[in-house]
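There are 2 protein chains.
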Amino acid sequence: MRHLRDFEFIEAVIRAGSIRKAAEDMNITASALNRRINRFEEEFGYEIFERLPRGVRLNPAGELVLHHIRAQRSDFARLQSQVADLSGVRRGHVSIACSQALLPYFLPEQIASYRKDHPGVTFNVNARDRFEAERELSTFSSDIALVFEPHHLVDFEVVMSVDQPIYVLMRADNPLAQQKELRLRDCLAQPHVAPSAQYAVRLLLDAAAKKTNMERLRPIAESESFDFMRHYVLHEHALAFQFPIGLSLSGEHGYIARPLSLRDVPPGSLLLGQLRGRTLPVASARFVMQLSQAMQAYHL
Amino acid sequence: MRHLRDFEFIEAVIRAGSIRKAAEDMNITASALNRRINRFEEEFGYEIFERLPRGVRLNPAGELVLHHIRAQRSDFARLQSQVADLSGVRRGHVSIACSQALLPYFLPEQIASYRKDHPGVTFNVNARDRFEAERELSTFSSDIALVFEPHHLVDFEVVMSVDQPIYVLMRADNPLAQQKELRLRDCLAQPHVAPSAQYAVRLLLDAAAKKTNMERLRPIAESESFDFMRHYVLHEHALAFQFPIGLSLSGEHGYIARPLSLRDVPPGSLLLGQLRGRTLPVASARFVMQLSQAMQAYHL
DNA sequence: CAAAACCGGTGCAAAAATTGCACCGCTAGC
DNA sequence: GCTAGCGGTGCAATTTTTGCACCGGTTTTG
Numbered sequence: 000m001r002h003l004r005d006f007e008f009i010e011a012v013i014r015a016g017s018i019r020k021a022a023e024d025m026n027i028t029a030s031a032l033n034r035r036i037n038r039f040e041e042e043f044g045y046e047i048f049e050r051l052p053r054g055v056r057l058n059p060a061g062e063l064v065l066h067h068i069r070a071q072r073s074d075f076a077r078l079q080s081q082v083a084d085l086s087g088v089r090r091g092h093v094s095i096a097c098s099q100a101l102l103p104y105f106l107p108e109q110i111a112s113y114r115k116d117h118p119g120v121t122f123n124v125n126a127r128d129r130f131e132a133e134r135e136l137s138t139f140s141s142d143i144a145l146v147f148e149p150h151h152l153v154d155f156e157v158v159m160s161v162d163q164p165i166y167v168l169m170r171a172d173n174p175l176a177q178q179k180e181l182r183l184r185d186c187l188a189q190p191h192v193a194p195s196a197q198y199a200v201r202l203l204l205d206a207a208a209k210k211t212n213m214e215r216l217r218p219i220a221e222s223e224s225f226d227f228m229r230h231y232v233l234h235e236h237a238l239a240f241q242f243p244i245g246l247s248l249s250g251e252h253g254y255i256a257r258p259l260s261l262r263d264v265p266p267g268s269l270l271l272g273q274l275r276g277r278t279l280p281v282a283s284a285r286f287v288m289q290l291s292q293a294m295q296a297y298h299l
Numbered sequence: 000m001r002h003l004r005d006f007e008f009i010e011a012v013i014r015a016g017s018i019r020k021a022a023e024d025m026n027i028t029a030s031a032l033n034r035r036i037n038r039f040e041e042e043f044g045y046e047i048f049e050r051l052p053r054g055v056r057l058n059p060a061g062e063l064v065l066h067h068i069r070a071q072r073s074d075f076a077r078l079q080s081q082v083a084d085l086s087g088v089r090r091g092h093v094s095i096a097c098s099q100a101l102l103p104y105f106l107p108e109q110i111a112s113y114r115k116d117h118p119g120v121t122f123n124v125n126a127r128d129r130f131e132a133e134r135e136l137s138t139f140s141s142d143i144a145l146v147f148e149p150h151h152l153v154d155f156e157v158v159m160s161v162d163q164p165i166y167v168l169m170r171a172d173n174p175l176a177q178q179k180e181l182r183l184r185d186c187l188a189q190p191h192v193a194p195s196a197q198y199a200v201r202l203l204l205d206a207a208a209k210k211t212n213m214e215r216l217r218p219i220a221e222s223e224s225f226d227f228m229r230h231y232v233l234h235e236h237a238l239a240f241q242f243p244i245g246l247s248l249s250g251e252h253g254y255i256a257r258p259l260s261l262r263d264v265p266p267g268s269l270l271l272g273q274l275r276g277r278t279l280p281v282a283s284a285r286f287v288m289q290l291s292q293a294m295q296a297y298h299l
């Protein structure tokens, strides 16, 4: 769009770190770009770039402008989405930052179900940890975040939250599979794999083990990939841990899942959220509503 | 600003109702303006005007665009205000829609006090009833509203609220001035003036009179001007009604004010608010904080 | 019922804004 | 002290925008 063109050039300069490099990226002369930037600053009333000998860098005013640019663009996208919606077109795009756990079962099912009604809507799904997810929201890189136990929560507006007990994964022939509910001490006595430290599952397990004076987790394998861990238990007689929303509980994938007793380990909170105060495009807003309903089904 | 120019032209067309008239207003040729509008619609992807034989009119998509334009402009003003603030300039502009009652004492004092610290900040103060005030907020015509008992409350985000008992105004030689607190029936027995029906004071008085089976108000004069009524009691031996925040309680202006008993008439709520979800410019946000503190002093 | 008054839209040339090119002065790094 | 890379500027070329004249259509007016 015409009226956002200055903003595109400004963003290009920010990315490139210098006007000349940005000019090359944008297929324009450095002098032309230089004048655009200068004219913008003049009209805006304040400089937004520091001039360094090797290039330019945003000053504090520029940081505000950058945020404004991002907000502006997202706002305009929402406007178009609203207009498209009222002309009955029902198209749009939804961008999601989510925990890894939701990638195999939950989100594919939800998205497929949504697209059955709204085939014009496209999706963007990226695995992000809870820090990155919030950052993605505040830079307008994602519309929606779906993560366990997010941290800051300053820019994160919680739309829906469900508690999830931790489940233990094992092969069907594991004797523990006979019990309906497992105790933490029984699990730690067996060989187990565990997610690395930044994941909510691991945090909860570590805290629980520490609290009850049991010995710490001694995973035979640590990984950032729940996919890997889910498959590992099929090969060696080991346990893995995961939230049920990331699992298939039918047993048809070869593994059995049993909940850890809530007496031992508190549940983790799965939070659905968006950037605080932001009005989402129509498609995203509707998908949030669907997710929110789907999450209620997981309510303890 | 450059990137808002299309928006200015669009607004001009909306105001004028036809491209030709708008072109005249904007000192431009109709053909040029026509092409701007057409180009915008083409780039935007949707028509925003209905072409009528006598001009043009916004279609529903256009309504959304209009709202976007207003939000955009306000957002840009806030950005400039934030940047100005961080360069230490402390300038800006605050636009207030408020009840008449706040014009004589409360707001002048508050604004003067604020401008002592921030002389670069300018103000816009307009008396609006509670319907108009909310409309002003949602069209971004005012930043802040300060009204009694606003109605819709859908777009109105309450920042602070204080209850105000109704006070009775009289000349110092009125025998009622001897009492610390007045009963409604005593007041209605005397000649009195009253605000017209749309005002909160009148609503409360009418409701109270009706409820207690007393006879209705029989004002010897009805007016929309509290200024008029305040002065009237100085000339004839009559009573007037007003919230204390609109009064000088020192007696130095010639009238005496006594509260109506809360047993007879419930207090009215003075609400300080802004457009829901909007982030105000720095100057406005700070002034809201000051108003909020000042209002606490009136807490019952 | 016809003329006049407006309306949005378009072709074309004039005017204005933007861009590209050549070049300046400056600083960091070698 | 030399070079490479940077932001900035004067001037001409180029692209974009505008103004003017005019078209076809509809409503108002006499």
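Respectively, the protein sequence lines represent chains Z and P.
Be aware that the first sequence starts at 0, since it is given in numbering that gives the first Met the number 0, and climbs by one per residue.
Be aware that the second sequence starts at 0, since it is given in numbering that gives the first Met the number 0, and climbs by one per residue.
The beta carbon of each residue, even a glycine, is placed where N, CA and C say it ideally should be.
Note on geometry: alpha-carbon atoms of P/Met0 and Z/Val200 lie some 51 angstroms from one another. In chain order, Phe43, Gly44, Tyr45 make up the part of chain P whose C-beta sits under 9 angstroms from the C-beta of Z/Gln79. Contact note: Z/Gly119 does not reach chain P at a C-beta cutoff of 9 angstroms; the least C-beta distance is about 14 angstroms. Collapsing the DSSP output to three states places Z/Arg50 in a strand.
Cβ contact annotation for Z/Ile18 (same chain, cutoff 7 angstroms, sequence separation greater than five): Val12, Ala29, Leu32, Asn33, Ile36, Val55, in chain order.
Counting along the chain, no beta strand (DSSP E) covers Z/Gly61; the unbroken alpha helix (DSSP H) around it starts and ends at 59 to 85. Beta bridge pairing from DSSP links P/Tyr254 with P/Arg170.
Identification of chain P residues near Z/Arg1 by a Cβ-Cβ cut-off of 9 angstroms yields His2, Asp5, Arg38, Phe39, Glu42, ordered along the chain. When the five nearest sequence neighbours on each side are left out, the beta carbons in the same chain lying within less than 7 angstroms of the beta carbon of Z/Leu203 are those of Ile165, Val264, Pro265, Gly267, in order along the chain.
A residue is called buried once 16 or more other Cβ atoms fall within 10 Å of its Cβ, and Z/Leu261, having fewer, is exposed. Close to chain Z, meaning a Cβ-Cβ distance shorter than 8 angstroms, are the following residues of the stretch 53 to 87 of chain P: Pro59, Ala60, Leu63, Val64, His67, Ala70, Gln71, Asp74, Phe75, Leu78, Gln79, Gln81, Val82, Ala83, Leu85, Ser86. Contact note: P/Gly276 reaches chain Z through Gly276, Thr278, using a C-beta cutoff of 8 angstroms and chain order.
Runs of the alpha helix (DSSP H) lying entirely within the stretch 185 to 272 of chain P and spanning at least 4 residues, in chain order: 199 to 210, 225 to 231. Within 10 angstroms of the beta-carbon of Z/Met294 lie 16 or more other beta-carbons, which makes it buried. Along the stretch 129 to 155 of chain P, the beta strand (DSSP E) occurs as fully enclosed runs of 3 or more residues at 143 to 147, listed in sequence order. In this structure the stretch 271 to 278 of chain Z does not lie against the stretch 205 to 216 of chain Z, because fewer than three pairs of beta carbons, one per stretch, are closer than 8 angstroms. Put simply, of P/Pro118, P/Glu23, P/Phe75 the residue whose alpha carbon is nearest the alpha carbon of P/Arg89 is P/Pro118.
Collapsing the DSSP output to three states places P/Ile165 in coil.
Taking all protein chains in view, the Cβ of P/Pro149 is crowded by 16 or more other Cβ atoms within 10 Å, so the residue is classified as buried.
DSSP places P/Ala22 in the helix class (H, G or I) of the three-state scheme. Here the C-alpha atom of Z/Ala193 lies approximately 19 angstroms from the C-alpha atom of Z/Glu180. P/Ala126 is bridged by DSSP to P/Cys97. Annotation for P/Phe39: Asp5 place their beta carbon closer than 6 angstroms to its own, counting only its chain and skipping 5 residues before and after.
Straight-line spacing of the CA atoms in P/Leu238 and P/Phe105 works out to 22 angstroms.
For Z/Val281, the secondary structure class from DSSP, reduced to helix, strand or coil, is helix. Under DSSP, Z/Val120 shares a beta bridge with Z/Gly91. When the five nearest sequence neighbours on each side are left out, the beta carbons in the same chain lying within less than 8 angstroms of the beta carbon of Z/Leu259 are those of Pro164, Ile165, Tyr166, Val167, Glu180, Leu181, Arg182, Leu183, Cys186, Phe240, in order along the chain. The residues Ala96, in chain order, have a CB closer than 6 angstroms to that of P/Asn125 in the same chain once the five nearest residues on each side in sequence are set aside. The C-beta distance from P/Val158 to P/Ser291 rounds to 6 angstroms, short enough to fall under 8 angstroms.
Here Z/Ile47 really is in contact with Z/Ala60; their C-beta atoms are around 5 angstroms apart, less than 8 angstroms. In the three-state DSSP reduction, Z/Met0 falls in the coil class, being neither helix nor strand. The DSSP-derived three-state label of P/Ser30 is helix.
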